[in-house]
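The opening residue of the sequence shown carries number 267 in our numbering; numbering runs sequentially from there.
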Amino acid sequence: MLGYYNDPVATEQTFTPDGWFKTGDLGHIGRRGALFVTGRKKNLIILPNGKNVQPEELEELMCNNLDYLKEVVVHQGFNKAGGEIIVASGYLEPEYVERVGKQNAHTQFQTDVARLNQRIVAYKHIQKVVVCDEEFQKTSTRKIKRHTYPGVSQ
Numbered sequence: 267m268l269g270y271y272n273d274p275v276a277t278e279q280t281f282t283p284d285g286w287f288k289t290g291d292l293g294h295i296g297r298r299g300a301l302f303v304t305g306r307k308k309n310l311i312i313l314p315n316g317k318n319v320q321p322e323e324l325e326e327l328m329c330n331n332l333d334y335l336k337e338v339v340v341h342q343g344f345n346k347a348g349g350e351i352i353v354a355s356g357y358l359e360p361e362y363v364e365r366v367g368k369q370n371a372h373t374q375f376q377t378d379v380a381r382l383n384q385r386i387v388a389y390k391h392i393q394k395v396v397v398c399d400e401e402f403q404k405t406s407t408r409k410i411k412r413h414t415y416p417g418v419s420q
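Structure below.
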């Protein structure tokens, strides 16, 4: 049997009973039979109302529409009352921030996210934006280490 050496618990969690590896990828099959990978199970945000939000979907929306946004991590956070909300932490292009000023850049990011929220269903709305002063930590393959940031669950 395939699996992890001397670790039946990890094997059971990682493989199906018939030996298929559980990748953790989320996706769907399109009308023409094509497979679309839309995110990762471990990144999924589950809201208090039971709705699921794939952060990759929101990150892609922002990166494709905000030219000054260099990189972004969408994660779960908390409002002042302690309620769970969706947060976008973004690192903006340094040249843009230098040109318009830090406060103006933050205000523009908030305004643009509010505009993008109008294009998506209400439960996926980003309720808070954070502007980061430094690029996000990355792996050797240049992927953002998303679980090293406060509010990002594993």
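Glycine included, each C-beta is placed from N, C-alpha and C at the ideal position.
Query	Result
Assign Asn-309 to one of two classes, buried (16 or more other C-beta atoms within 10 Å of its C-beta) or exposed (fewer than that).	buried
According to DSSP, is Tyr-362 part of a helix, a strand, or is it coil?	helix
Give the single residue among Gln-369, Arg-381 and His-391 whose Cα lies nearest to the Cα of Val-319.	His-391
Evaluate Leu-301 with the Cβ neighbour count: other Cβ atoms within 10 Å of its Cβ, from every protein chain shown; 16 or more gives buried, anything less gives exposed.	exposed
Would you tell me roughly how many angstroms separate the C-alpha atoms of Thr-373 and Val-396, rounded to the nearest one?	10 Å
How should Gln-384 be labelled, buried or exposed, when 16 other C-beta atoms within 10 angstroms of its C-beta is the threshold for buried?	exposed
If you compare alpha carbons, which of Lys-346, Phe-375 and Gln-369 is closest to Ser-355?	Phe-375
Consider the Cβ of Ile-392: report whether some Cβ of chain C lies at a distance smaller than 8 Å.	Looking at the structure shown, chain C is missing, and only one protein chain is on hand.
Measure from the alpha carbon of Lys-317 to the alpha carbon of each residue in Glu-350, Asn-370, Gln-279 and Asn-331, then state which is nearest.	Glu-350
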